[in-house]
Every structure is written in C-alpha cells, then in structure tokens.
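Chemist: Residue numbers (our numbering): 356 to 642.
From the three backbone atoms N, C-alpha and C, an ideal C-beta is built for every residue, glycine too.
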Ligand SMILES: Cc1cc2nc3c(=O)[nH]c(=O)nc-3n(C[C@H](O)[C@H](O)[C@H](O)COP(=O)(O)OP(=O)(O)OC[C@H]3O[C@@H](n4cnc5c(N)ncnc54)[C@H](O)[C@@H]3O)c2cc1C
C-alpha cells in the first residue's frame, strides 16, 4: 500500500516546529528518521495531513555532557550512539544495546527521540532509559518539561508526552566507576524486535548492590521495570541462593504476555534465565 497524500514542511528551528505544531494540531505528525512512521503511513494506520520533518533542526542534534548527565538530542541516530566515544566512556550500556536494534540501514536513520516517543515495548532505548534513570526533555507551548523515565511510559505505545509537545533530548546521569551494567536480548533473528530483553544496571560494592535497575523489553505491553525484584536485590551481596530467590520473585512479579511466536510461560522462563546471566555479569565487576 502507499501512504495517503500529505503536505510536507522542513523547518530549521525549534520555534518553527512549535509554530507548525500549533497551526496544524492533530493533523500534523513529526517525522524523525521515518523508520516507523513511513511503515504506519503506508499501512494507513495514520493519515496526517502534514509531516513536519525534524532533520534540519540543529537544536535536536548532538551528544554532549551537560552537568552530571549525558544529553542525547532527539535526532541523534542509533548509529551516532554506537559511534560515540562519550557514550562508550560514560554509558556503555547504550553502546552494548545498539547492535541489537534492527539493521544498519535502519540504525543510520532511526533516532533516539523517535524511539522514545514511539514507546515500543519491544524496543531497546525505552528499556535503557529506564535502567539509567534517564529524563525526557519535552518542549511545548508552555516551555520545557522534564519527565523522569519511570513516569514517561504509560502503556502500550503510550507515553506522558502531550499532543502539543515534542521530545528535544534525553538526559542520562553519568555513571561512576563502580557502576556495572548488563544488556541481553533474545530475538528470533538478529535485528528483529526482542522476544525478551533486559537492560540491568547497579552499583556493585563489596558491601552489596546499590541502585539496582532491571528494565525489560518485549516482556509485557510496555517498557517495564521489575521493582520488586530490584528491591529484593538492593543492598545484598550476590550469591547463588540470592539469584535463585530473585528469579522466583521476578516470575511472581512480572506477568509476561504472549506474542505471535512465544507464550507467556516461555517468556517468563527466558526472562529468568536472562536475569541470572545479567546478575552474574554484574557480579564479575565486584571490587
Ligand atoms: C524492519 C525494522 C526493524 C526494526 N527493528 C527495531 C528493533 O529491533 N529495535 C528498535 O528499537 N527499533 C526497531 N525499529 C524501529 C527503528 O528503530 C526506528 O528508528 C525507531 O522506532 C524510531 O523511529 P524514527 O526515529 O525513525 O522515528 P519516526 O518513524 O520518524 O517516528 C516515530 C514516531 O515518533 C514520533 N516522533 C519522532 N520524533 C519525535 C520527537 N522528537 N518528539 C515527539 N515525537 C516524535 C513520530 O511522529 C512518530 O509517531 C525497526 C524498524 C524497522 C523498519
């Protein structure tokens, strides 16, 4: 199928984007990398009368340190993140996740902001944002608004972003030396969306784990943090007995949902195995 007819605008500043959004309201759709939007237009799941292309808006680009956080502009592509020394140095979880996102051609165009805005439960960036306690910086007619990742994802493809807002950037707190991470994902073929995936982070100290974050993709109908399992692990020194307890806690807590290829029970089992592997990975970095 072909997309319905639409007008096209290519503003070069954030102010122009906001003016176009105000003028066209619900009839407008923001176009970032187009790697999701083009498909939904072609399938006629969305029929906007105008696309507002964000490619020429420099304010939405760039990766930089801003205070104690790394700021990733909304229009930064998946490839940009994979190639970034700043990301590799400060937030290696993101570097580890990049190769799991689709294929190179899609990674060259698809954007961080587009992925966060779309809020796909099986996508990598929403889970990483949760695991890293990131903040979404949104802009609308009332100005800027910062939304913590754990408040941002509200349901299946649903976020706290309002119709008159766009994402300008995400801010991710820089990590210290004791901060460990693990990223794991199972997909049917390389580049497919995740069947189940886990982005895990914690500070690993001789006295125990701190700030444990377990963020899941593909497991339930939205990007999801298993907070009860996190709480069980918080302050504890990892042992095989604790890992077994954590796996049981996760099974009780996270009510996995079936997809076209995997049952809920299979996903629950896979998540348990993934948790065990991730905790072993975190433990290897214990001082
Ligand atoms: C074959 C295929 C496989 C894929 N596999 C994966 C995968 O394994 N993992 C994965 O994570 N993704 C995957 N994707 C999706 C891809 O990563 C997209 O790049 C990603 O969803 C973001 O899309 P985009 O930047 O191209 O945004 P677009 O497609 O341009 O936009 C997506 C949506 O977000 C809105 N939007 C975009 N930018 C903003 C903004 N700044 N503020 C507010 N709203 C905005 C748009 O209006 C639109 O509704 C795949 C895509 C394809 C085609």
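Just to confirm, is the Cβ distance from residue 487 to residue 448 under 8 Å?
Modeler: For residue 487 and residue 448, yes; Cβs fall inside 8 Å.
Chemist: With DSSP as the reference, please indicate the residues paired to residue 540 in a beta bridge.
Modeler: Answer is 552.
Chemist: Which runs of the alpha helix (DSSP H) fall wholly inside the region 398-431 and span at least 4 residues, in chain order?
Modeler: Taking only runs of at least 4 residues, no alpha helix (DSSP H) segment lies wholly in the region 398-431.
Chemist: DSSP has residue 492 in a bridge; who is on the other side?
Modeler: BP columns for residue 492 point to 501, 524.
Chemist: Return yes when at least one heavy atom of ligand 1 lies under 7 Å from the C-beta of residue 571, else no.
Modeler: No, the Cβ of residue 571 stays beyond 7 Å of every heavy atom of ligand 1.
Chemist: Kindly identify the DSSP beta-bridge partner or partners of residue 571.
Modeler: The partner list for residue 571 (beta bridge, DSSP) reads 553, 579.
Chemist: At which residue ranges does the region 364-395 contain complete beta strand (DSSP E) runs of 3 or more residues, listed in the order of the chain?
Modeler: Correct list: 383-386.
Chemist: Just curious, the beta strand (DSSP E) that residue 508 is in, first and last residue?
Modeler: First-last of the beta strand (DSSP E) with residue 508: 508-510.
Chemist: What do you reckon, is the C-beta of residue 362 under 7 Å from a heavy atom of ligand 1?
Modeler: No - ligand 1 has no heavy atom lying nearer than 7 Å to the Cβ of residue 362.
Chemist: For residue 456, collect the residues of the same chain with a Cβ closer than 6 Å to its Cβ; drop the 5 residues on either side in sequence, then sort them by chain order.
Modeler: For residue 456, where only same-chain residues beyond five positions count, the Cβ hits under 6 Å are 433, 462, 479.
Chemist: What does a CB cutoff of less than 7 Å around residue 534 pick up in its chain, not counting 5 residues either side in sequence?
Modeler: If we look at residue 534 and ignore the five residues flanking it on each side, its Cβ neighbours are 556, 558.
Chemist: Using 7 Å as the cut-off, classify the Cβ of residue 582 as near or not near the heavy atoms of ligand 1, replying yes or no.
Modeler: Incorrect: residue 582 has no Cβ contact closer than 7 Å to ligand 1.
Chemist: Terminal residues of the continuous alpha helix (DSSP H) containing residue 453?
Modeler: Looking at the DSSP string, residue 453 is not in any alpha helix (DSSP H), and its letter there is neither H nor E.
Chemist: For residue 591, report the span of its alpha helix (DSSP H) as first-last.
Modeler: Counting along the chain, residue 591 falls outside any alpha helix (DSSP H), and DSSP gives it neither H nor E.
Chemist: Alpha carbon to alpha carbon, how far is residue 514 from residue 503? Give it in angstroms, no decimals.
Modeler: Their backbone Cα atoms lie some 11 Å apart in a straight line.
Chemist: Report yes if the C-beta of residue 512 is less than 7 Å from at least one heavy atom of ligand 1; otherwise report no.
Modeler: Every heavy atom of ligand 1 is 7 Å or more from the Cβ of residue 512, so no.
Chemist: Give the secondary structure of residue 630 by DSSP, where H, G and I count as helix, E and B as strand, and everything else as coil.
Modeler: It is helical.
Chemist: Which residues does DSSP list as the beta-bridge partners of residue 623?
Modeler: Its beta-bridge partners do not exist; DSSP assigns none.
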